[in-house]
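> Can you keep this structure in mind? I'll have questions shortly.
There are 4 protein chains.
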Amino acid sequence: MSRRTTIRTLLILSLSGFLGGAASFWTMGRGSPVAAASAGAIQDGPAVKGWQKGKGWGWIWGKDDEVGALNGLTDQSRAAALKLGTRGEVFDLGLTYSRRSYKWPGHSPGEIITFRSPDGIRRMQDPDAPPPEKNGDQVFWHSAALFISDNVATQIDGLAHITAGADDHWYNGFKESDWGGDWGPRKCDAPSIPPIVARGVLIDVAAFKKVDALPGHTVITTQDLQDTLAWEGVAIQPGDVVLVRTGTGRFWGEDGADHKTIADHDSAGPDLAATRWLVEDQGALMVGSDTSGYEVNPPPGNPATGFPTHRYLLVDQGVHIGEFHNLEGLSTARAYVFCYVATVNKIKGAAAGFALRPLAIR
Amino acid sequence: MSRRTTIRTLLILSLSGFLGGAASFWTMGRGSPVAAASAGAIQDGPAVKGWQKGKGWGWIWGKDDEVGALNGLTDQSRAAALKLGTRGEVFDLGLTYSRRSYKWPGHSPGEIITFRSPDGIRRMQDPDAPPPEKNGDQVFWHSAALFISDNVATQIDGLAHITAGADDHWYNGFKESDWGGDWGPRKCDAPSIPPIVARGVLIDVAAFKKVDALPGHTVITTQDLQDTLAWEGVAIQPGDVVLVRTGTGRFWGEDGADHKTIADHDSAGPDLAATRWLVEDQGALMVGSDTSGYEVNPPPGNPATGFPTHRYLLVDQGVHIGEFHNLEGLSTARAYVFCYVATVNKIKGAAAGFALRPLAIR
Amino acid sequence: MSRRTTIRTLLILSLSGFLGGAASFWTMGRGSPVAAASAGAIQDGPAVKGWQKGKGWGWIWGKDDEVGALNGLTDQSRAAALKLGTRGEVFDLGLTYSRRSYKWPGHSPGEIITFRSPDGIRRMQDPDAPPPEKNGDQVFWHSAALFISDNVATQIDGLAHITAGADDHWYNGFKESDWGGDWGPRKCDAPSIPPIVARGVLIDVAAFKKVDALPGHTVITTQDLQDTLAWEGVAIQPGDVVLVRTGTGRFWGEDGADHKTIADHDSAGPDLAATRWLVEDQGALMVGSDTSGYEVNPPPGNPATGFPTHRYLLVDQGVHIGEFHNLEGLSTARAYVFCYVATVNKIKGAAAGFALRPLAIR
Amino acid sequence: MSRRTTIRTLLILSLSGFLGGAASFWTMGRGSPVAAASAGAIQDGPAVKGWQKGKGWGWIWGKDDEVGALNGLTDQSRAAALKLGTRGEVFDLGLTYSRRSYKWPGHSPGEIITFRSPDGIRRMQDPDAPPPEKNGDQVFWHSAALFISDNVATQIDGLAHITAGADDHWYNGFKESDWGGDWGPRKCDAPSIPPIVARGVLIDVAAFKKVDALPGHTVITTQDLQDTLAWEGVAIQPGDVVLVRTGTGRFWGEDGADHKTIADHDSAGPDLAATRWLVEDQGALMVGSDTSGYEVNPPPGNPATGFPTHRYLLVDQGVHIGEFHNLEGLSTARAYVFCYVATVNKIKGAAAGFALRPLAIR
């Protein structure tokens, strides 16, 4: 792994208008690299824009910011991550969605339905189709209409997904009374999630524990994460996307139809303390796992919410959460360090990216 | 641009089960590189798996194949493409979708609707929400339900999108009577489109012609493509993703609400001859543009179909089509060569990837 | 017309639980008729439960009431109305809905899509279908999935449709902060609209004015209504459903696809003053017309809302509004008095009945 | 019960264009009643248009007919039925639908979602809403978007619902290859079901058997029907709508959320022999029950289809089927004879009427 030593803490982000503008150029800060002299001060890895050890990220990017910790991405960090792709091996981290797929019961069901078919167009003498005299070759088409939730299959939760407090605020203090709406949240929706190109690390807890998958409700502790990393011989660097494997994804199969088996394992995950260690001590830019909700359920202790880790990550830290990532291929290949590339659907009002295919490249 | 000289025509693909299997490891052929000795024979670029000059691609990958020309992707080709990302600059090629977005009238409309909101959960005393005694912090959530077409905003057409003939067959001879269904085509749907990591080339015809955008119905000819490439100083290499810019995308703005202006330009595009030159002479692995349909409309001549180029690419050649790619940032930056990375929604039965964000990285 | 002389103002409604209970017996008040002695006091028609001349209806039915003026329906009023059906002639007042149908632009679009078809079931080897060995006769089925607005084609607006004031209250003071929700209003939704069986009167303004249809934006005044009734030789009785014909419905044709022509006339309708006359002076139990919104648009004067008549009827008076009723057959047959029978979809959370077929029987 | 003795077998139906025409006047045959002299020949009830004892109905109405047995409705039959409503008592036979409602697993799920709300309109500064300066009273509105199946809650199956044979034909020989389509069947869809106003009879088998509800899979035989009718003291007349009560509807409650209990009883129903007796011997114009599918499941014997009674009624006889009718109120009131009034949603392409409220009036 080549060492990245660039510091870019002085860069000023210019995010104004990035959501709607036709020019969606995500390269922020194109100036010359800041002198690397001071890099030596940080012993456990290169510095990363915005992150502070012991504190993490937070509401530090200006009052209009919708991006959160992903502002830490820079040309330099991306270039360094891309260099990890020397072999050209690509792992598809997406799980296939269908009407049968397991999902959290609180989300809406889904159907993918043929909207136009060659048969239908011909039978209906479809007025939108070319007339027969201009279509001697009988060229027709398939398209589908979907009714679908924005929280299914492989997801990245947007920063508006979770709200807290009597004022229902989310990341950066956006409030429901100002920025809610009938058609999804109007701040921090899916289009606000920039393309993610970063160093990725897999913490394969299930493999370390020599189980196919962790039992349901297993709390993954800080110690578990540390032990697994040591066993893998891998160190997290600030700015990394950190993926934790419980093994639940192995039961997804073709399209997640075996609800019972998935549900039996889906509740394992890191607790708040382990997640804080990842973010505040190790500098995770984003975290994720192979379950529907990342965090262990029920949460240990008696937190004043059922989702303390979601609230911590999304609301307080501005750290996006990856869910239902398919980590089986990485585990089999013992691919613990890679370039993580993910983009979410660019759909206004969606609270999350869904049915995604993040990539791990090495 | 570093020269890629590897030939891998001898590799055997093992695609069996790639669609549904939990291990979605897209690295095909991990053997040692074939001797590069014969590479010198091809003067105008490195060889690429499966492609033949003067012929293109086609139904050459075995009778069960659903992948088409993208089978030409190899570890080596991906590794070479990733090396283009030295600066770490990322261009987001996605256009934002909303209920207002322009689309081809033949597709279904779309709505993104708040399914759960903090207000709603509280007011409804939602039984799926945590009870108040376990939720002192009032942590709630947003999620949305979508009714959406699989052919909107930034798309990659799957190989089942277009059918031809009285038997309604698509790529590789899959027929409606065998592989159609109520819930989308059952061969060559979106999950069958592998992650695309390839060298990308922009042919900025609008910039070459010094116009904001080509007028509607403008035929982009082979000569136009050649002249623009010469003006750019860029050569296509076999295996490239080739994107042609008409300028239509500049009118998308926030979310494609200005239907009239978009429609005024949306019909410009390459004709069949120009597209054949790209595929058969230049070795394009995939083609795309910044319009809703890539090909010029109406097609010149009197073809026996209204969509001769769609039919040629998707049915006959097995070449995927990128549509409504946002090429404005690339044009402004004069970024003509880059690493193209795209993944489509992993949704069974979808005929295309939609509301995507392909990336151009340099 | 036989004279109805029964007064039932003393009856106590027992509506508790009518929404969810399995026994949905809408006969309210089965006791012996109240003495008719005082009926003579009202010269211009029989008395009707709850209505007061000069005042209309209003929030008089108890704080939990969701039914409004339709509480005025009694066994006696229904029995009297049914006696109008001596000929057994039935007029279908519904307009056919399809994806092409005209609608107010503020509502969501609609698609009716084949969800299961004989072809699809067979091709997909559908696991929900009977296995071939038990289905030698190849018996399959059609069903459709709909994405549809609750405000399309022939409608009856529920009392939660319109809200007013900073507290967003609707009929009877139900407030959004208490009774709103993510899944439709939770008071006065469609299931709360009881079956309507009442004397109906058509006021055929277009026929009286000798036009195919009133021009757009035509204000129908009290005088217009009075003149038309005199021309018809018909008198309204308290408790009647009053339908006003503009002629707009004649342009609906097969399924309302001629948006332009419909829109050219759709804005004609009664103003607030004419509507008040119907309700407060004449005792209309419900009003309706053959346009998308009943009331004239724009409203005359400078009301502090764009929909003063909707607000008056739904919020203040608790009077339901019938929209897009097909009155063409009644007009042709000069059927001005009839038994009106309408039931709305029993769908929780729907704000209106939609795609209905009210009947006029004589 | 007054005896109806009219014969109208000579009437010629003129149904041409009834589906799309603006004039939807369902009174067929307005001539003077045919002489009643020959009526005496039929001992067990009045004659009814089209029906033949021992044969039932069938494909007798002409090759374009989409209406089936309901063509038997005439002004006279409706007028006679309406005379049963002397008390003005109305029983609402609809069951309330919500996202939680029990349904046959083969149909698509449903969601009713707030599309516009006062909060949302205000927060979004909704461009379709009136501007604040014209809306001092803050008048806003609720509307909902629905994703819903055409086969839920209280239904009337259309004649295109069931197909049979290798050619997938339905009633009157309409074939899938001619009249199928992507947007529902194009013959015999919901708009083709005329308003139903007919004498109705309840056969309360559960009450006769002194059970709350028949156990699952109970076969209701011809003898059961005859015994129950004798116990009730009621005789069916040709042209009647016959409703059979199993008691399953009593478990629907608020909105059919108790799937298990409903499923435990939902499979009871008449078998094919009992249904043939109703149609061929007794002259039932339409049959129905309080279960999701009317007929007993599994069917006795070894029929060459899982739905022999559906196929018999819909395909062969052209007799519509009422499902999930709420018969609890009728049972409690011992109301065995009444005027049945039902209209289905007028939605093109819908294979059934759904979430209906048929009425029983006496």
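Residue numbers (my numbering), protein chains in the order written: chain S, 1 to 362; chain L, 363 to 724; chain G, 725 to 1086; chain F, 1087 to 1448.
C-beta: ideal position from N, C-alpha, C; glycine also.
Is it buried or exposed for Q1162 (chain F), if we count other Cβ within 10 angstroms and need 16 for buried?
Here residue 1162 (chain F) refers to the residue found at position 76 when the fourth sequence is read from its first residue. Answer is buried; the Cβ neighbour count reaches 16.
> Can you list, in chain order, the residues of its chain with a C-beta nearer than 6 Å to that of A190 (chain S)? Leave out the 5 residues immediately preceding and following it.
Here residue 190 (chain S) corresponds to residue number 190 of the first sequence, with the count starting at 1. Counting only Cβ-Cβ distances below 6 Å, and skipping sequence neighbours, we find G158, V344, N345, I347, A350 and G353.
> With a threshold of 8 Å between beta-carbons, can L1037 (chain G) be considered close to chain F, or not?
As a working note, residue 1037 (chain G) is residue 313 in the third sequence. It does not: the Cβ of L1037 (chain G) has no partner Cβ on chain F nearer than 8 Å.
> Taking Cβ-Cβ distances shorter than 8 Å, what residues in chain L pair up with D1205 (chain F)?
The residue given as residue 1205 (chain F) occupies position 119 in the fourth sequence. Within chain L, the residues near D1205 (chain F) are D481.
> Taking only three categories from DSSP, how would you classify S629 (chain L)?
For the purposes of this step, residue 629 (chain L) is taken as residue 267 along the second sequence, with counting starting at 1. It is coil, neither helix nor strand.
> Measuring only the C-alpha atoms, how far is Q679 (chain L) from Q414 (chain L)?
Within the second sequence, numbered from 1, the residue matching residue 679 (chain L) stands at position 317. Within the second sequence, numbered from 1, the residue matching residue 414 (chain L) stands at position 52. Each residue's Cα considered, the two are about 12 Å apart.
> Please report how far the alpha carbon of A409 (chain L) lies from the alpha carbon of K49 (chain S), in whole angstroms.
Here residue 409 (chain L) corresponds to residue number 47 of the second sequence, with the count starting at 1. Here residue 49 (chain S) corresponds to residue number 49 of the first sequence, with the count starting at 1. Distance between the alpha carbons of A409 (chain L) and K49 (chain S) is about 42 Å.
> Within the 8 Å Cβ cut-off, does E1366 (chain F) reach chain A?
The displayed structure is made up of protein chains S, L, G and F, and chain A is not among them.
> Enumerated in chain order, which unbroken segments of the beta strand (DSSP E) with a length of 3 residues or greater are wholly contained in the stretch 1230 to 1277 of chain F?
Whole beta strand (DSSP E) segments, 3+ residues: 1241 to 1243.
> At a Cβ threshold of 8 Å, is A1231 (chain F) touching chain L?
As a first step, residue 1231 (chain F) must be located in the fourth sequence, where it is residue number 145. Interface residue, yes.
> G180 (chain S) CB to nearest chain F CB: under 8 Å?
For the purposes of this step, residue 180 (chain S) is taken as the residue at position 180 of the first sequence. G180 (chain S) counts as touching chain F.
> When the Cα atoms are used, what is the spatial distance from Y97 (chain S) to D255 (chain S)?
What you label residue 97 (chain S) is simply residue 97 of the first sequence in a count that begins at 1. What you label residue 255 (chain S) is simply residue 255 of the first sequence in a count that begins at 1. Roughly 6 Å between the two C-alpha positions.
> List, in chain order, every chain G residue whose beta-carbon is nearer than 8 Å to that of M486 (chain L).
The residue given as residue 486 (chain L) occupies position 124 in the second sequence. The contacting residues are G905, D906, W907 and R910.
> What whole-angstrom Cβ distance do A522 (chain L) and P547 (chain L) have, given they're in contact under 8 Å?
For the purposes of this step, residue 522 (chain L) is identified with residue 160 of the second sequence, where counting begins at 1. For the purposes of this step, residue 547 (chain L) is identified with residue 185 of the second sequence, where counting begins at 1. Indeed they touch by this definition, with Cβ atoms about 4 Å apart.
> Which residue or residues does DSSP assign as beta-bridge partners of T1015 (chain G)?
Position 291 of the third sequence, counted from the start, is the residue given in the question as residue 1015 (chain G). Answer by DSSP bridge pairing: none, since T1015 (chain G) is not bridged.
> Where does the unbroken beta strand (DSSP E) through I1219 (chain F) begin, and where does it stop?
The residue given as residue 1219 (chain F) occupies position 133 in the fourth sequence. The sequence shown places Glu at residue 1219 (chain F), rather than the Ile named in the question. Careful: E1219 (chain F) lies outside any beta strand (DSSP E) and carries neither H nor E.
> Where does S1263 (chain F) land, buried or exposed, given buried means 16+ other C-beta within 10 angstroms?
Locating residue 1263 (chain F) in the fourth sequence gives position 177, counting from the first residue. Burial call: exposed.
> Closest to E323 (chain S) by CA distance: which of S:V67, S:T154 and S:K260 is it?
Position 323 of the first sequence holds residue 323 (chain S). The shortest C-alpha separation from E323 (chain S) is found at S:T154.
> Beta-carbon within less than 8 Å of A198 (chain S)'s beta-carbon, same chain only, minus the 5 sequence neighbours each way: which residues are those?
As a working note, residue 198 (chain S) is residue 198 in the first sequence. Only L73, S77, R78, A81, G239, D240, V241, L285, M286, C339 and Y340 meet the Cβ criterion.
> According to the neighbour-count rule (16 or more other Cβ atoms, all chains shown, within 10 Å of its Cβ), is T664 (chain L) buried or exposed?
Taking the second sequence and counting its residues from 1, the one referred to as residue 664 (chain L) is at position 302. The sequence shown places Asn at residue 664 (chain L), not Thr. With fewer than 16 Cβ atoms within 10 Å of its Cβ, N664 (chain L) is classed as exposed.
> Look up T114 (chain S) in the DSSP assignment and give the residues it is bridged to.
Translated into the one-based positions of the first sequence, residue 114 (chain S) becomes position 114. In the DSSP output, where bridge partners are listed per residue, T114 (chain S) has S:A144.
> Just checking my contact of L1083 (chain G) with Y895 (chain G) at CB under 8 Å: how many whole Å lie between their CB atoms?
In the third sequence, the residue the question calls residue 1083 (chain G) occupies position 359. In the third sequence, the residue the question calls residue 895 (chain G) occupies position 171. Not confirmed; about 26 Å, so no contact.
> Locate the alpha helix (DSSP H) running through E328 (chain S), then write down its first and last residues.
On the first sequence, residue 328 (chain S) is found 328 positions in, with the first residue counted as 1. Looking at the DSSP string, the run of the alpha helix (DSSP H) that includes E328 (chain S) is E328 to T332.
> Could you name the residues of chain L that S832 (chain G) contacts, counting a contact when the two beta carbons are closer than 9 Å?
Working through the third sequence from its first residue, we reach residue 832 (chain G) at position 108. Residues of chain L passing the Cβ test: R461, P471, E473, I475 and F509.
> Contact check, T623 (chain L) vs A568 (chain L) under 8 Å by CB: the rounded distance?
The count along the second sequence starts at 1 and reaches residue 623 (chain L) at position 261. The count along the second sequence starts at 1 and reaches residue 568 (chain L) at position 206. Not really, about 15 Å apart at Cβ, beyond 8 Å.
> Note down, in chain order, all residues in the stretch 494 to 505 of chain L with a beta-carbon under 9 Å from any beta-carbon belonging to chain S.
If the cut-off is 9 Å between Cβ atoms, the stretch 494 to 505 of chain L has K496, N497, G498, D499, Q500, V501, F502, W503, H504 and S505 near chain S.
> With a CB to CB cut of under 8 Å and the five nearest residues on each side skipped, what residues in its chain are close to G1206 (chain F)?
For the purposes of this step, residue 1206 (chain F) is taken as residue 120 along the fourth sequence, with counting starting at 1. For G1206 (chain F), where only same-chain residues beyond five positions count, the Cβ hits under 8 Å are T1200 and D1212.
> For D574 (chain L), does the count of other Cβ atoms within 10 angstroms reach 16, so buried, or fall short, so exposed?
Walking along the second sequence from the start, residue 574 (chain L) turns up at place 212. Looking at its Cβ environment, which holds fewer than 16 other Cβ atoms inside 10 Å, D574 (chain L) is exposed.
> Between the Cα of K63 (chain S) and the Cα atoms of S:V152, S:S149, S:K175 and S:D128, which residue gives the shortest distance?
As a working mapping, residue 63 (chain S) is identified with position 63 in the first sequence. Among S:V152, S:S149, S:K175 and S:D128, the Cα nearest to that of K63 (chain S) belongs to S:K175.
> Distance, Cα to Cα, S463 (chain L) vs T999 (chain G)?
Position 101 of the second sequence holds residue 463 (chain L). Position 275 of the third sequence holds residue 999 (chain G). So the two alpha carbons sit approximately 40 Å from each other.
> What first and last residue would you give for the alpha helix (DSSP H) that runs through R1362 (chain F)?
As a first step, residue 1362 (chain F) is located in the fourth sequence; it is residue number 276 there, counting from the start. From DSSP, the alpha helix (DSSP H) with R1362 (chain F) extends over L1358 to R1362.
> Given that R1000 (chain G) touches chain L, what residues does it touch there, using C-beta distances under 8 Å?
Here residue 1000 (chain G) refers to the residue found at position 276 when the third sequence is read from its first residue. Chain L residues near R1000 (chain G): none, gap ~33 Å exceeds 8 Å.
> Apply the 10 Å Cβ neighbour rule to W750 (chain G) and answer buried if 16 or more other Cβ atoms are within range, or exposed otherwise.
Taking the third sequence and counting its residues from 1, one reaches residue 750 (chain G) at position 26. Residue placement at W750 (chain G) is poorly supported in this model, since its pLDDT is 44, which falls under 50; the coordinates still yield a value, given next. Flag for W750 (chain G) reads buried.
> Under the rule that 16 or more other beta-carbon atoms within 10 Å means buried, what is P994 (chain G), buried or exposed?
Within the third sequence, numbered from 1, the residue matching residue 994 (chain G) stands at position 270. Counting Cβ neighbours within 10 Å, P994 (chain G) comes out buried, since at least 16 surround it.
> Near A273 (chain S), which residues of its chain fall below 8 Å by C-beta distance, leaving aside the five closest residues on each side in sequence?
For this step, residue 273 (chain S) is matched to residue 273 along the first sequence. So the qualifying residues of the chain are T221 and T222.
> Skipping 5 residues on each side, what residues in its chain have a beta carbon closer than 6 Å to that of R1081 (chain G)?
What you label residue 1081 (chain G) is simply residue 357 of the third sequence in a count that begins at 1. Counting only Cβ-Cβ distances below 6 Å, and skipping sequence neighbours, we find D816 and G818.
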